[in-house]
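Worksheet for the structure shown next.
There are 2 protein chains.
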Amino acid sequence: MLELSILGFLHETPLHGYELRKRVAALTGHIKPIAESTLYPAIKRLEKSGWLRRDQQPGAVAAPRHVLSLTDGGRAELMRRLAEPEPLDISNENRWFTVLAFLRHLADPAAQAVVLRRRLAFLEEPSSFFYADDRPVSAEEVDDPFRQGVLVIARATSRAELDWLRTTLAALDAAA
Amino acid sequence: MLELSILGFLHETPLHGYELRKRVAALTGHIKPIAESTLYPAIKRLEKSGWLRRDQQPGAVAAPRHVLSLTDGGRAELMRRLAEPEPLDISNENRWFTVLAFLRHLADPAAQAVVLRRRLAFLEEPSSFFYADDRPVSAEEVDDPFRQGVLVIARATSRAELDWLRTTLAALDAAA
DNA sequence: ACGTAGTACCTCGACACCGATGTATAGTTC
DNA sequence: GAACTATACATCGGTGTCGAGGTACTACGT
C-alpha cells in the first residue's frame, strides 16, 4: 500500500523523499500515519528492485536531496499493481482507496473497469461482521446498539459505493 | 486489533483456539483474514502477560483442545483497551469497528459515551485524502472520477456514522 | 548565545505478521 | 485404497513496520 503510493506519486512527478513523505501523509496519514523509518526503507526496496532511480541534488535548505523518479520498470510495475490488485487491496477500504487514488494512471477504460468490477463483486457478496447459526445477522436483529452501528454504517458505505461503482462503470463502458 | 478481538470473545465465553479463530474470521475475516500462524502466537503473548488461562481438554474429534478463558487481569485489560483505545483504533475504520463490536462489555454508559465522542471528534475534524495548496479538495473540485469516488464514498460513510453517533450519544446521555 | 522548529536523510533493535510446513486424528468422497 | 476436508495445535524464517535515536544545516525568536 505504501509502495503503491510511492509508485503512484512518482509516476506523476519526480520527488525527493521528504516531499514524498508529505504527500503520503496527506493521502492516508489521517487514517494511518506512516513513520519516516518505514518510508526510507521502502524507497530503498523499490530502488533495489530497479523501479526507481535516485539523483543527487544540492539541498534547498538542508541536507542534499535525493530526487526520486520512476524507471520504465517502475512504471510497468505500477501498471501491474493497478491492473491486478491483490485480494487485500480489494477488500480493505484503505488499500482500495489507495488503488482508486492512482487508478486514473491505468489509462485504458476497459482495464479500469475490470478493477472496479472486482470491488463490485466483493461488495455484492453477502457478508457481515456478525453471524448466528452461520447466517449473517442484519442490523434489525442485533440488540447491541454498538454492533447495530457497525452494520448501519457498513450498509450506508456499501450502498454509496455500489451506486458510485455502477454509474462509473456505465461511463467507462460507454467510453470503451 | 487481533488481541482486542481475542479478549473480547473470551470475555463472552471460554473458547479453544480453533473456535476463536472461526469467530475472529467471521468478525473481520472478509476484510482482512488472519492466519493461524498469527493467532496462536497472539494467544501465547496474552497468556504470557497473564491475561488468559489455558485448560487442557481431550479433543472432541482431533488433537487435545486448549480451552482459553480470561483471567481477572485479562478482564481488566479488556476494559482498559475499550475505555482508552489507541489513536489508531479511532482513526482506522477496521480497528474502530472492532472496538464497537465489543464496546457493550464496557457496561458504563458514560464510559461508552467518552469513546464514541472521540470518534465523533475525529470525524468532525476537517480532513481529506487530497489537497491543493494545503486546502482539502472537495469531490466537486476533483476531475479524476476515481478520486471523486473516494471522496463521495468517504462522505457518505462519514454522514451515516455522524448520524448514528449523535443519536446513540443522545441515548447514552439519557441513560447516564 | 541558546533553544526550537523545519528540512533532509539514515540506522538499529524489537516485534507483529505471514506463508510454508509439520503432526495427528476422523470422516467423507472418488 | 487414496485423496481430501475438517479438527486442533505448533514452529520457523523472512519481512514490513515502528519508535528511538543520530547527523547536519537553516531560520527565527529572545
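Protein sequence lines, in the order shown, are assigned to chains A and B.
Quick note, the first sequence lines up with residues 1 to 176 if you use the UniProt record's numbering.
Quick note, the second sequence lines up with residues 1 to 176 if you use the UniProt record's numbering.
The beta-carbon is built from N, C-alpha and C at its ideal position, and this holds for glycine as well.
Applying the 10 Å Cβ sphere with the 16-neighbour rule, what's the burial state of residue i?
i, result
"Thr-28 (chain A)", "buried"
"Val-115 (chain A)", "buried"
"Gly-50 (chain A)", "exposed"
"Thr-98 (chain B)", "buried"
"Arg-65 (chain A)", "buried"
"Gln-57 (chain B)", "exposed"
"Ser-91 (chain A)", "buried"
"Glu-77 (chain A)", "buried"
"Asp-89 (chain B)", "buried"
Report yes if the C-beta distance between residue i and residue j is below 9 Å; otherwise report no.
i, j, result
"Ala-83 (chain A)", "Ala-111 (chain A)", "yes"
"Ile-31 (chain B)", "Thr-157 (chain A)", "no"
"Arg-117 (chain A)", "Pro-85 (chain A)", "no"
"Leu-7 (chain A)", "Gly-74 (chain A)", "yes"
"Arg-155 (chain A)", "Arg-104 (chain B)", "no"
"Ala-171 (chain A)", "Pro-109 (chain B)", "no"
"Tyr-15 (chain B)", "Val-61 (chain B)", "Per the sequence presented here, residue 15 (chain B) reads as Leu, with Tyr not at that position. For Leu-15 (chain B) and Val-61 (chain B), no; Cβs fall outside 9 Å."
"Leu-100 (chain A)", "Met-79 (chain A)", "no"
"Arg-141 (chain B)", "Ala-132 (chain B)", "It should be pointed out that residue 141 (chain B) corresponds to Glu in this sequence rather than to Arg. Contact: yes."
Taking residue i as the reference, which of the options has the closest Cα?
i, options, result
"Thr-38 (chain A)", "A:Arg-53, A:Arg-21 and A:Ala-26", "A:Arg-21"
"Glu-124 (chain B)", "B:Met-1, B:Glu-161 and B:Ala-76", "B:Glu-161"
"Lys-48 (chain A)", "A:Leu-70, A:Leu-106 and A:Leu-103", "A:Leu-70"
"Arg-45 (chain B)", "B:Phe-129, B:Arg-23, B:Leu-2 and B:Leu-172", "B:Leu-2"
"Ala-26 (chain A)", "A:Asp-89, A:Pro-41 and A:Ser-5", "A:Ser-5"
"Leu-165 (chain A)", "A:Ala-113, A:Ser-127 and A:Asp-133", "A:Ala-113"
"Glu-36 (chain B)", "B:Leu-52, B:Gly-17 and B:Ala-174", "B:Gly-17"
"Asn-94 (chain B)", "A:Arg-80, A:Phe-129 and A:Pro-109", "A:Phe-129"
"Trp-96 (chain B)", "A:Gly-149, A:Arg-23, A:Asp-143 and A:Val-67", "A:Gly-149"
"Ser-138 (chain B)", "B:Ile-43, B:Leu-151 and B:Arg-23", "B:Leu-151"
"Arg-53 (chain B)", "B:Pro-33, B:Ile-34, B:His-11 and B:Pro-87", "B:His-11"
"Pro-33 (chain A)", "B:Asp-55, B:Phe-9 and B:Pro-87", "B:Pro-87"
"Asp-143 (chain B)", "A:Ser-127, A:Asp-143 and A:Phe-102", "A:Phe-102"
"Arg-23 (chain A)", "B:Arg-159, B:Thr-167 and B:Arg-135", "B:Arg-135"
Short of 8 Å Cβ to Cβ, which residues in the stretch 22-54 of chain A face chain B? Ala-26, Leu-27, Thr-28, His-30, Ile-31 and Lys-32
Give me the subset of the stretch 66-97 of chain A whose CB atoms are less than 8 Å from a CB atom of chain B, sorted by chain position. Answer in chain order: Leu-88, Ser-91, Asn-92, Glu-93, Asn-94 and Phe-97.
Using a beta-carbon distance cut-off of less than 7 Å, what residues from the stretch 119-149 of chain A approach chain B? Here the close residues are Ser-127, Phe-129, Tyr-131, Asp-144, Pro-145, Phe-146, Arg-147 and Gly-149.
Chain-ordered residues of the stretch 149-174 of chain A with a beta carbon less than 9 Å from chain B: Gly-149, Val-150, Val-152, Ile-153, Ala-154, Arg-155, Ala-156, Thr-157, Arg-159, Ala-160, Glu-161, Asp-163, Trp-164, Leu-165, Thr-168, Ala-171 and Leu-172
Which residues, in order along the stretch 102-113 of chain B, keep a beta-carbon less than 7 Å from a beta-carbon of chain A? Leu-103 and Arg-104
Of all the residues that make up the stretch 3-21 of chain B, which are near chain A by a beta-carbon distance shorter than 7 Å? none
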